[in-house]
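Accompanying notes for the structure given below.
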Amino acid sequence: MNTTPVLPSGASYSDAARDHLWMHFTRHSTFEDAASGGLAQSVPIITRGKGHLIYDDKGREYIDGLAGLFVVQVGHGREELAQAAAAQARELAFFPLWSYAHPRAIELADRIAANTPGDLNRVFFTTGGGEAVETAWKLAKQYFKLTGKPTKHKVISRAISYHGTPQGALAITGIPGARAPFEPLVPGAFKVPNTNQYRAPEHLRDDPEAFGLWAADRIAEAIEFEGPDTVAAVFLEPVQNSGGCFPPPPGYFQRVREICDQYDVLLVSDEVICAFGRIGGMFACEDFGYIPDIITCAKGLTSGYSPIGAMIASDRLFEPFKKGMNYFPHGYTFGGHPVSAAVAMANLDIFEREGLNQHVRDNAPVFKSTLETLLDLPIVGDVRGAGYFYGIELVKDKTTRETFNDDEAERLLRGFLSKALFDAGLYCRADDRGDPVVQLAPPLTIGPAEFTDITGRLRSVLVEAQKVL
Ligand SMILES: Cc1ncc(COP(=O)(O)O)c(C=O)c1O
1457 MNTTPVLPSG
1467 ASYSDAARDH
1477 LWMHFTRHST
1487 FEDAASGGLA
1497 QSVPIITRGK
1507 GHLIYDDKGR
1517 EYIDGLAGLF
1527 VVQVGHGREE
1537 LAQAAAAQAR
1547 ELAFFPLWSY
1557 AHPRAIELAD
1567 RIAANTPGDL
1577 NRVFFTTGGG
1587 EAVETAWKLA
1597 KQYFKLTGKP
1607 TKHKVISRAI
1617 SYHGTPQGAL
1627 AITGIPGARA
1637 PFEPLVPGAF
1647 KVPNTNQYRA
1657 PEHLRDDPEA
1667 FGLWAADRIA
1677 EAIEFEGPDT
1687 VAAVFLEPVQ
1697 NSGGCFPPPP
1707 GYFQRVREIC
1717 DQYDVLLVSD
1727 EVICAFGRIG
1737 GMFACEDFGY
1747 IPDIITCAKG
1757 LTSGYSPIGA
1767 MIASDRLFEP
1777 FKKGMNYFPH
1787 GYTFGGHPVS
1797 AAVAMANLDI
1807 FEREGLNQHV
1817 RDNAPVFKST
1827 LETLLDLPIV
1837 GDVRGAGYFY
1847 GIELVKDKTT
1857 RETFNDDEAE
1867 RLLRGFLSKA
1877 LFDAGLYCRA
1887 DDRGDPVVQL
1897 APPLTIGPAE
1907 FTDITGRLRS
1917 VLVEAQKVL
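At position 343 of the sequence shown the residue is numbered 1799 (the numbering used here), and the sequence of numbers has no breaks.
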């Protein structure tokens, strides 16, 4: 039986995707015959998912090693989430949160507030992560205008960080290649070093505490340099994604918190990836023991069964908005969409019923140690991360930590690894926005058997990769 579906026009899905779909962050030349000298690949088309497995249009099975895009925490094919969406669409498919409210958004805000640390009790819904980041910067600016510090508007974030693509969020993003085509961006966003321990200054490489303090103090330095009266907020991911999963060194966030308090600068914990069990806790700031002023989140809140994001602010930040004619002139038609809010509630029910947070906490050390068995390969320089979120850095020379030049990285990642991993039945990310890394962030439901399976597939592909170089 031919399982490959075609469109009514007779075109294959792959050809129609090549001809009409504009894929995100995608080099379309990969799929164009002429541009790629006759070596065109067909667009991979994923048609369904079940648990931690996904299937393509040819019926082939893959491990979803990236939970879609750090999203599908509870795994694919959950009937109860589909039911929750359908039931809500029947009852009230849409209503905005513009001066009116609907029950699902209220329930979800209440539940989120019950799960956040400190007094982060005020939830502003968006449709995704970039909008949540954008919202946080706008709130920071307006908050300081309303509280007598109108010149505080600048923001600080880290090198190679990713905070989304709207122009404000993109200014906060620290990936040069993602920013350059859109310059000039929103002014006022400054960068400090990230917490890549593997690439830390030589004298700090073997001393995580000292490195953490050094990296945190770069934030104080940037605030001093820009002028404390001009800086509104610092945006940090609990574990930085781009560059390949940099966990915070011990003491880092505690020192950052002190610095933010000292200079009256808001600490924004951008948890678009790290919230909802990715590191273990509902919010990753809990995992690392700090209380931010704002949390931004999205992705795992619904496990991707419907889109939603949120900016969660402290009571202090909401205080001026309770008064007189003050209000936040900001919103999104689909922010807090009833169907998404209903799905989020049902998704959080699954977390509680199945003890997913504890499952991640219990299994994360096994996941990490299983991946670390790859360190015997000459090409594997570092394995790092936390929870169910790991990066494997590939190096040219393990002793010197020398990385690949641009041509080699291109040949390795795009020319070989991405496709070879997929052919080996593992969907994950081979990325070179920092140094070359393979990243894993699977659904939170998997356990030791799948860790071994994933690691075995990685090993066979990485062994081959060494020969390609
Ligand atoms: C930390 C962080 N912030 C913001 C975003 C942007 O989220 P979205 O793609 O939903 O706009 C992402 C996306 O991966 C992210 O990882």
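Every residue gets a Cβ at the ideal spot worked out from N, C-alpha and C, and that includes glycine.
Asked	Found
Reduced DSSP secondary structure (H/G/I, E/B, other) of Gln1497	coil
Buried versus exposed, by CB contacts within 10 Å (16 or more), Val1851	buried
Cβ-heavy atom distance, Gly1756 to ligand 1, below 8 Å	no
Contacting residues, own chain, Cβ-Cβ under 7 Å from Asn1650 (five flanking each side not counted)	Arg1614, Ala1615, Ile1616, Ser1617, Gln1696, Gly1699, Phe1702
Beta-carbon spacing of Tyr1846, Leu1827 below 9 Å	yes
Cβ neighbours of His1558 in the same chain (closer than 7 Å, five flanking residues each side left out)	Leu1548, Phe1551, Pro1794
Beta strand (DSSP E) segment containing Gln1696, residue limits	Taken as a continuous stretch (DSSP letters only), Gln1696 belongs to no beta strand (DSSP E), as it is neither H nor E.
Under the three-state DSSP convention, the category Cys1884 falls into	coil
Nearest candidate by alpha-carbon position, reference Gly1604, set Pro1776, Glu1810, Leu1831, Arg1809	Pro1776
Cβ contact check for the region 1907–1914 and the region 1709–1721: 3 or more pairs under 8 Å	no
7 Å CB neighbourhood of Pro1461 in its chain, flanking five on each side removed	Tyr1469, Asp1513
Cβ-based neighbour list, Gly1737, same chain, cut-off 7 Å, excluding 5 preceding and 5 following	Asp1743, Asn1813
Backbone secondary structure at Met1801 - three-state DSSP	helix
Phe1845 Cβ short of 8 Å to ligand 2 heavy atom set	Among the ligands present in this structure, namely ligand 1, ligand 2 is not found.
Complete alpha helix (DSSP H) runs within the region 1885–1917 (minimum length 4 residues, chain order)	none
Limits of the alpha helix (DSSP H) - the one that Phe1709 falls within	1708–1719
Thr1901 vs Gly1507 beta-carbon contact at 9 Å	yes
Local conformation of Glu1808 per DSSP, three classes	helix
Coil, strand or helix - Lys1514 by DSSP	coil
As assigned by DSSP and simplified to three states, the class of Asp1879	helix
Complete alpha helix (DSSP H) runs within the region 1759–1846 (minimum length 4 residues, chain order)	1771–1774, 1794–1810, 1812–1828
Runs of alpha helix (DSSP H) lying entirely within the region 1506–1574, each at least 4 residues, in chain order	1523–1526, 1535–1547, 1559–1571
Neighbour-count burial assignment, Asn1458, 16 or more Cβ in a 10 Å radius	Note that Asn1458 scores a pLDDT of 49, beneath 50, so its modelled location is shaky; the value from the coordinates is reported in the next line. So Asn1458 counts as exposed.
Proximity test, Asp1743 beta-carbon vs ligand 1 heavy atom, cut-off 8 Å	no
Local conformation of Leu1723 per DSSP, three classes	strand
Ala1666 in three-state terms, based on DSSP	helix
Any non-hydrogen atom of ligand 1 closer than 8 Å to His1609 Cβ	no
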